[in-house]
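Asker: This is the structure, below, for whatever I ask next.
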Amino acid sequence: MAKNANLRNAQAVKADEFYTDLTDIEKEMSHYKDFFKGKVVYCNCDDARESNFFKYFSKNFEFLGLKKLITTGYKAEGKGVVLIYEGDKDGNRKVDDYEVEGRELEGSGDFRSEECIEFLKEADVVVTNPPFSLFREYIKQLMDYNKKFIVLGNMNSILCKEIFPLVKHNLLWWGVSIHSGDRKFYVPENYPLDAAGCGVDENGRRFIRVKGVRWWTNVENKNRHERLDLYKRYSNEYMKFDTFDAINVNKTCDIPCDYDGIMGVPITFFDKYCPEQFEIVDGANRYLIFDSFGTNEKVKLNHGHSCNIDGKATYFRILIRKRNA
């Protein structure tokens, strides 16, 4: 868990104000260009006036063929802000101040508030960086209102009992552009820079780096239907779990091409998951207890299998098998 020190520090100080780098937004959104045409895009959970999500979608409004852009910003003390943009009105290909409707909200701008839910109802797709500490609740709201979304979150959220069933039933998957490494997030001036990876850039902006970040979405893209090339052969080196009939595969690249039974693979397999090639059967863990993101609550995962090999614990495994096996 040491690799998530920056994320857990954010939870400890209740600091969820992570501002996403514009480059990361551009790379991911490039895979959904046709999808956005005619859509109302809602970017909530942002600092509306600083949001790179607002900057990206307003500057690319005509290119993407958007219908409307709504951005709401949360303010812990005081009133939140909403910005509404409906495109270039004077043909100068710029986002002029007079073209952006901005006003204070009645409340703080919390995504759970009634006025923000009204914006959500109007939206076709939600794109943002929600509070990691509220990720499960945030995804549940989007699913409850049957919304399309492309949002950032921690990869270990897949372990949560609220998230894994969505993954299993192919209702939620990872995006395209982030597969490994850490991501840089800008943070407010009062954010403590006392962890590895923190710093100040050439423009004087404070930032941290957080490992294990992924885009989470229910918007289709062609990349997730690309089949994984399998070349390894099954042998006795693949050990079986103690309490259920499945072999352990430590790396996605080691999935055997000639084994038709159930396999336990690491969660990084989800980066390469093709639903036409593999079926997700279940999740397996050995009495894994971890801090529920953003709280001191202890959560015991309760999937259908324990995850031991020769009595030794193995980290969470996704249980898969090849389709048409």
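Heads up, the sequence shown is in the numbering used here, so the first residue is 426 and it goes up one at a time.
C-beta: ideal position from N, C-alpha, C; glycine also.
(1) Taking the alpha carbon of T448 as the reference point, which residue from F482, P590 and I734 has its own alpha carbon closest?
(2) So the candidates are Y659, S582 and T677; which of them puts its Cα closest to the Cα of D685?
(3) Sorted by chain position, which residues of the same chain lie with C-beta nearer than 6 Å to K657's C-beta, five sequence neighbours on each side aside?
(4) What is the DSSP secondary structure of Y611, counted as helix, strand or coil?
(5) Within a Cβ cutoff of 8 Å, which residues of the same chain sit near R746, ignoring the five residues on either side of it in sequence?
(6) Can you tell me whether G729 is buried or exposed? The criterion is at least 16 other CB atoms within 10 Å of its CB, across all chains shown.
(7) Would you tell me roughly how many angstroms separate the C-alpha atoms of K572 and K665, rounded to the nearest one?
(8) For G708, which of N615, N643, T553 and P590 has the nearest alpha-carbon?
(9) Helix or strand or just coil, what does DSSP make of P590?
(10) For Y656, does the three-state DSSP call read helix, strand or coil?
(11) Closest to R652 by CA distance: which of F461, G512 and F694 is it?
(12) Three Cβ pairs or more, each shorter than 8 Å: is that satisfied between the segment 459-466 and the segment 521-533?
(13) From the DSSP secondary-structure annotation, give me the bridge partner or partners of E529.
(14) Given G600, which residues of its chain have a CB within under 8 Å of its CB, disregarding the five upstream and five downstream residues?
(15) I'd like to know whether the C-beta atoms of N579 and F557 end up nearer to each other than 8 Å.
(16) Relative to the C-alpha of Y444, which candidate in V644, F632, R748 and L744 has its C-alpha closest?
(17) Check this for me: beta carbons of F488 and V552, under 8 Å apart or not?
(18) Which ranges does the alpha helix (DSSP H) cover as unbroken runs of at least 4 residues, wholly within the segment 442-530, from first to last along the chain?
(19) Please report the distance separating the alpha-carbon of N517 from that of G606.
(20) Helix, strand or coil, according to DSSP, for F544 in the structure here?
(21) For the alpha helix (DSSP H) that I633 lies in, which residues bound it at each end?
(22) Rounded to whole angstroms, what's the CA-CA distance from K519 to K484? Just pull it up for me.
(23) Take V424 as the anchor and find which of K593, R634 and H594 has the nearest alpha-carbon.
(24) By how many angstroms is the C-alpha of D683 removed from the C-alpha of N721?
(25) If you follow the alpha helix (DSSP H) that F560 is in, where does it begin and where does it stop?
(26) Are G505 and S476 touching if we call contact CB-CB under 8 Å?
(27) Put F694 into one of helix, strand or coil per three-state DSSP.
(28) Would you list the one or two residues that DSSP bridges to P681?
Answerer: In brief:
(1) Residue F482 is the option with its Cα nearest to T448.
(2) Y659
(3) Closer than 6 Å at the Cβ level, and outside the excluded window around K657, lie D679 and P681.
(4) strand
(5) The answer, listed in chain order, is D685, G686, I687, M688, F703, E704 and V706.
(6) Low confidence applies here, because G729 scores a pLDDT of 49, under 50, leaving its location unreliable; read the following figure in that light. The residue in question, G729, is exposed, as its Cβ has fewer than 16 Cβ neighbours within 10 Å.
(7) 40 Å
(8) P590
(9) helix
(10) coil
(11) F694
(12) Taking 8 Å as the limit for Cβ pairs, the verdict is that the segment 521-533 does not touch the segment 459-466.
(13) V506
(14) E453, H456, I575, R639, W640, W641, T642 and N646
(15) yes
(16) F632
(17) no
(18) Qualifying alpha helix (DSSP H) stretches, in chain order: 447-454, 477-484 and 486-489.
(19) 39 Å
(20) helix
(21) Run containing I633: none in the alpha helix (DSSP H); it sits in the beta strand (DSSP E), R631 to K636.
(22) 7 Å
(23) Since the displayed the chain opens at 426 and closes at 750, residue 424 lies outside it and no answer follows.
(24) Because the pLDDT at N721 is just 36, under 50, the model does not fix this residue reliably, and the value given afterwards should be weighed accordingly. Taking the straight line joining both Cα atoms gives about 44 Å.
(25) F560 to D569
(26) no
(27) helix
(28) K657
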